[in-house]
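Novice:
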Amino acid sequence: MTHATETNAGHTDIRAGDWIDRYLPAAWRPYARLARLDRPIGTWLLLLPCWWSIALAAPAGGWPDLWLMALFGVGAVVLRGAGCTLNDILDRKLDARVERTKVRPLPSGQVTVKQAIGFLLAQLLLGLVILLQLNPFAVFLGAASLLLVAAYPLMKRITWWPQAFLGLTFNWGALLGWAAVRGDLGWQPVLLYVGGILWTLGYDTIYAHQDREDDAHVGIKSTALLFGNDSRRWVGGFYAGAFVCWLLALEPMGMFWAISVPLLVTGALMVMQVRGWDMNDPADSLATFRAARFVGMALLVAIIVGIISMPASPAGGGFAPGGHRGLPKPYMQQPMLQIADLAVTASRR
């Protein structure tokens, strides 16, 4: 019944004696757990689509912008923490009724709702500071994602497809990363985004199988309950669709061996996870869900290898959709045409 970035440790999803208990002051610990700092898998799944598009938007023959990748890394930690905090605020009464989640900071009374809201606002403010480091178009696009972040926790109450809405939210970075580099959008980041949505539908359906009984008991909807024993077939279909979308996004780079190897690894990992998953074993569902990050990492390697292996454009224009490199930006084309007209006119005199 809970967000796709949580874990399960027996009767509770909070592990006693972890680094939060060992190193953080007692007053800080509930807030660290609200932000899921002890469970980085969600941050990885949020961050990887950002890194895909930053890498894909890099100039041909060049490396991705490492500063942007670091900035998005910090942003992923903050935004994921804000989303989980909001999720726990809205779900506090439901969490109190479930053995696995009733010891969380809010239902257990370690923090009050007012304190959690204050922490949420602090995270959103920090996220705004990070977002304002980007270009205006990326700032607008990033701000628009807050609508998805705010709406997602409610979806499990009104639709059997909350995993699809999580996909819309968690993969927004596939659009934002490209926009941060290019200042626009193209069909390639859109394909990355669609593929990411299908990928999330798969791995979060796997995750949701941990909580089928709790979900049914408290009235929460999920694709795990919707698909039931057919979940493996559905997850396999989602993963196949995701892989096709990613292949189409990378196709203009060419399928030479250096990119084909990590792409084959990406596909092989997806097949292994679907075939090896025991949907009736909560521990195996959790392990398979966590392994999804390796799929995203393999795809990132494929994109980076493909971009740095491409011939650098003499004009420095980078890799453009359709394989056209070095073309001037649209806002430069009109002034260049005017200069050309002046040159032609001068030559006739």
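If you count by the numbering used here, then the sequence shown holds residues 335 to 683, one letter each, in order. Virtual Cβ for every residue (Gly too), placed ideally from N, Cα, C. Owing to the predicted nature of the structure, the values given are computational and were not obtained by experimental measurement.
Going by beta-carbon coordinates alone, are G511 and G461 separated by less than 8 Å?
Specialist: Cβ distance not < 8 Å, so G511 and G461 don't count as in contact.
Novice: Do the region 601 to 612 and the region 354 to 362 touch if we need at least three Cβ pairs shorter than 8 Å?
Specialist: With a cut-off of 8 Å, the region 354 to 362 and the region 601 to 612 do not count as touching, because too few Cβ pairs lie within range.
Novice: Determine contact between the region 413 to 425 and the region 364 to 376, defined as no fewer than three beta-carbon pairs at a distance below 8 Å.
Specialist: Segments in contact, yes.
Novice: With the cut-off set at 8 Å, would you say P596 and A632 are in Cβ contact?
Specialist: Contact: yes.
Novice: Starting from V528, trace the alpha helix (DSSP H) in both directions and tell me its first and last residue.
Specialist: Its alpha helix (DSSP H) spans residues W521 to A542.
Novice: Could you tell me how far apart the beta carbons of I638 and A389 are, in whole angstroms, since I believe they sit closer than 8 Å?
Specialist: 5 Å between Cβ atoms; contact.
Novice: Leaving out five residues before and five after L380 in sequence, what residues of the same chain have Cβ atoms less than 6 Å from its Cβ?
Specialist: If we look at L380 and ignore the five residues flanking it on each side, its Cβ neighbours are A410, R414 and F504.
Novice: Determine the closest residue to K448 out of I423, G396 and N469, with distance taken between C-alpha atoms.
Specialist: It is I423 whose Cα lies nearest to the Cα of K448.
Novice: Please report the straight-line C-alpha distance between Y365 and P586, rounded to a whole angstrom.
Specialist: Those two C-alpha atoms are separated by around 45 Å.
Novice: Is DSSP giving P470 helix, strand or coil here?
Specialist: Three-state result, P470: helix.
Novice: Per the contact definition of three or more C-beta pairs closer than 8 Å, is the region 528 to 541 in contact with the region 480 to 500?
Specialist: Yes, since at least three Cβ pairs between the region 480 to 500 and the region 528 to 541 fall closer than 8 Å, the two stretches touch.
Novice: Could you tell me the alpha carbon to alpha carbon distance between A542 and A617, rounded to whole angstroms?
Specialist: A542 and A617: Cα-Cα distance of roughly 12 Å.
Novice: So what does DSSP say about F577, is it helix, strand or coil?
Specialist: It is helical.
Novice: Give every residue of the same chain whose Cβ lies closer than 6 Å to the Cβ of L428, excluding the five residues on either side of it in the sequence, and list them in chain order.
Specialist: Within the same chain, L428 has close Cβ partners V552.
Novice: Express the C-alpha separation of G395 and S548 in angstroms, rounding to a whole number.
Specialist: Reading the sequence as shown, one finds Asp at residue 548 and not Ser. D548 and G395: Cα-Cα distance of roughly 51 Å.
Novice: Tell me whether Q467 is buried or exposed, calling it buried when 16 or more other Cβ atoms sit within 10 Å of its Cβ.
Specialist: Under this definition Q467 is an exposed residue.
Novice: How would you write the range of the alpha helix (DSSP H) that W512 sits in, first residue to last?
Specialist: Per DSSP, W512 belongs to the alpha helix (DSSP H) from G507 to R516.
Novice: Tell me, to the nearest whole angstrom, how far the beta carbon of W580 is from that of G529; I am working on the premise that it is less than 8 Å.
Specialist: Sure, about 5 Å apart at Cβ, within 8 Å.
Novice: Considering only their Cβ atoms, is the gap separating N563 from A514 smaller than 8 Å?
Specialist: Against a cut-off of 8 Å, the Cβ pair of N563 and A514 comes out as no contact.
Novice: Using the beta-carbon count (16 or more within 10 Å), is G351 buried or exposed?
Specialist: Flag for G351 reads exposed.
Novice: Can you tell which of K436, I554, G570 and L405 has the C-alpha that lies nearest to the C-alpha of L603?
Specialist: Closest by alpha carbon: G570.
Novice: Within a Cβ cutoff of 6 Å, which residues of the same chain sit near L458, ignoring the five residues on either side of it in sequence?
Specialist: Excluding sequence neighbours, L458 sits near A416.
Novice: My guess is that P523 and L509 are in contact by the Cβ rule of under 8 Å, so how many angstroms apart are they, rounded?
Specialist: That belief holds up - the Cβ atoms of P523 and L509 are roughly 5 Å apart, short of 8 Å.
Novice: Going by DSSP in three states, Q554 sits in which element: helix, strand or coil?
Specialist: Here residue 554 is Ile; the residue named in the question, Gln, does not match the sequence. Looking at I554 - three-state DSSP - the assignment turns out to be coil, as it is neither helix nor strand.
Novice: With a Cβ-Cβ cutoff of 8 Å, do L634 and L382 count as a contact?
Specialist: Their beta carbons are under 8 Å apart, which means L634 touches L382 by this criterion.
Novice: Can you tell me the Cα-Cα spacing of R438 and Q444, whole angstroms?
Specialist: Using only the alpha carbons, I get a separation of about 8 Å.
Novice: Output needed for S643: all residues of its chain with C-beta closer than 6 Å, excluding positions within five of it in sequence on either side, in chain order.
Specialist: Cβ within range, chain order: A592.
Novice: Over the uninterrupted alpha helix (DSSP H) stretch that includes Q457, give me the two end residues.
Specialist: First-last of the alpha helix (DSSP H) with Q457: V447 to L465.
Novice: Kindly indicate the opening and closing residues of the alpha helix (DSSP H) around G395.
Specialist: It is not in any alpha helix (DSSP H) - G395 carries neither H nor E in the DSSP assignment.
Novice: Quick one, are the C-beta atoms of P441 and A430 less than 8 Å apart?
Specialist: Yes. Within cutoff.
Novice: Under the rule that 16 or more other beta-carbon atoms within 10 Å means buried, what is W401, buried or exposed?
Specialist: Exposed.
Novice: As a quick exercise: from V605, F590 and G588, pick the residue whose alpha carbon is nearest that of A574.
Specialist: Closest by alpha carbon: V605.
Novice: In the structure shown, what three-state DSSP assignment does V639 receive?
Specialist: Helix at V639.
Novice: Locate the alpha helix (DSSP H) running through L598, then write down its first and last residues.
Specialist: Segment W591 to G610, the alpha helix (DSSP H) holding L598.
Novice: Chain C beta carbons: is any one of them nearer than 8 Å to that of R414?
Specialist: Included in the structure is just one protein chain, with no chain C present.
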